[in-house]
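Heads up, the thing below is written out as structure tokens.
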Amino acid sequence: MTSTEIRTAYLQAAETAAHLLAEGAVADRWQKESVLPGMSVGGLAGHLARSVLQVEWFLDGQVEGAEPVTPVHYYARLKGTSAPDSELNVGVRARSEETATAGPTAVAEQARAAWQRLSERLTGEPADRRVAILHRPGEEMLLDGYLHTRCVELAVHCEDLALSVNARTPVPEAALAIAIDVLVAAARERHGDQSVLHALTRRERDTDDALRVL
Numbered sequence: 000m001t002s003t004e005i006r007t008a009y010l011q012a013a014e015t016a017a018h019l020l021a022e023g024a025v026a027d028r029w030q031k032e033s034v035l036p037g038m039s040v041g042g043l044a045g046h047l048a049r050s051v052l053q054v055e056w057f058l059d060g061q062v063e064g065a066e067p068v069t070p071v072h073y074y075a076r077l078k079g080t081s082a083p084d085s086e087l088n089v090g091v092r093a094r095s096e097e098t099a100t101a102g103p104t105a106v107a108e109q110a111r112a113a114w115q116r117l118s119e120r121l122t123g124e125p126a127d128r129r130v131a132i133l134h135r136p137g138e139e140m141l142l143d144g145y146l147h148t149r150c151v152e153l154a155v156h157c158e159d160l161a162l163s164v165n166a167r168t169p170v171p172e173a174a175l176a177i178a179i180d181v182l183v184a185a186a187r188e189r190h191g192d193q194s195v196l197h198a199l200t201r202r203e204r205d206t207d208d209a210l211r212v213l
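Just so we're aligned: 52 in numbering that gives the first Met the number 0 is position 53 of the sequence shown, and the numbers increase by one with no gaps anywhere.
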């Protein structure tokens with residue numbers, strides 16, 4: 000995909016997230032448990048909003064010229080994704096709840112405003128633009144690579160939040176396609192092609208649960 004196509008797909012998904020976050024049902028269920036065990040609707044909304052907010056934060060971060068991490072490796076190396084009390088998931092929940100403390104109205108408005116600013120800002124960023132991954136000090140990604148990861152997060156968590164509040168919010172097809180491509184490639188890097196082939200065609204031989212990346 001070209002930079003323009005990637006950025007358009009991301010912005011479509013970010014717009015979808017912004018509209019979902021503004022749904023009254025999200026505010027009404029803010030303190031209730033979401034479809035993700037141990038995570039409130041507010042926490043999940045905060046996590047979703049961060050896939051819009053963080054793009055701005057990372058664009059404004061200081062880059063040092065480190066070798067950029069690919070979106071595939073960004074996910075392939077993750078550990079403890081399915082363990083609720085893993086260091087990874089504890090950190091995700093903490094950052095999400097921190098964002099959620101602003102409340103449903105503020106979170107929705109912050110996401111909407113960030114999406115609107117990014118709709119203009121991303122058109123002017125060069126194809127080789129890098130961003131700093133602020134929660135992983137010293138790491139950088141190409142902007143378009145980072146947007147691949149945000150398409151993954153938006154695709155996954157728009158559905159999570161929609162299901163949590165009984166909303167009908169389909170994720171744009173372009174973002175879904177990017178998410179699937181990244182996650183399958185991450186599964187291949189993590190487990191190898193033979194294991195992924197088993198997961199796709201011979202589930203009885205899928206001893207690694209090879210397609211589960213997150």
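The beta-carbon is built from N, C-alpha and C at its ideal position, and this holds for glycine as well.
Report all residues from its chain with a CB closer than 8 Å to the CB of Glu97; omit the five preceding and five following residues, and keep chain order.
-> Gly45
Enumerate in chain order the residues of its own chain whose CB-to-CB distance from Gly60 is below 6 Å, with the five nearest sequence positions on each side excluded.
-> Ala131 and Leu133
Take the Cβ of Gly123 as the centre, count every other Cβ of all protein chains shown within 10 Å, and call the residue buried at 16 or more, exposed below.
-> exposed
Where the alpha helix (DSSP H) through Glu63 begins and ends = No alpha helix (DSSP H) contains Glu63, which DSSP labels as neither H nor E.
Nearest residue (CA-CA) to Leu19, options Leu87, Gly64, Ala176 and Leu43 | Leu43
Which first and last residues belong to the alpha helix (DSSP H) in which Ala107 is found?
-> In the DSSP assignment, Ala107 falls within the alpha helix (DSSP H) that extends over Pro103 to Arg120.
Identity of the residue in Phe57, Cys150 and Val40 nearest Gly137 by Cα = Phe57
On a CA-only basis, which of Val91, Val62 and Pro103 is nearest Ala24? Give me that one, please.
-> Each of Val91, Val62 and Pro103 was checked against the Cα of Ala24, and the nearest Cα belongs to Pro103.
Report the three-state DSSP secondary structure of Ala16 (helix, strand or coil).
-> helix
Opening and closing residue of the beta strand (DSSP E) in which Arg129 lies | Judged by DSSP secondary structure, Arg129 falls within the beta strand (DSSP E) whose first and last residues are Arg129 to Ala131.
Please name the residue, chosen from Ile179, Ala154 and Val183, that lies closest to Pro169 on a Cα-to-Cα basis.
-> Ala154
Rounded C-alpha distance that separates Ala176 from Leu117 | Rounded to whole angstroms, Ala176 to Leu117 spans 21 Å at the Cα level.
Looking at the unbroken alpha helix (DSSP H) that takes in Leu153, where does it start and where does it end?
-> Leu142 to Ser163
Residue span of the alpha helix (DSSP H) that contains Arg32, given as start and end = In the sequence as presented, Arg is not what sits at residue 32; that position holds Glu. For Glu32, there is no enclosing alpha helix (DSSP H), as DSSP marks it with neither H nor E.
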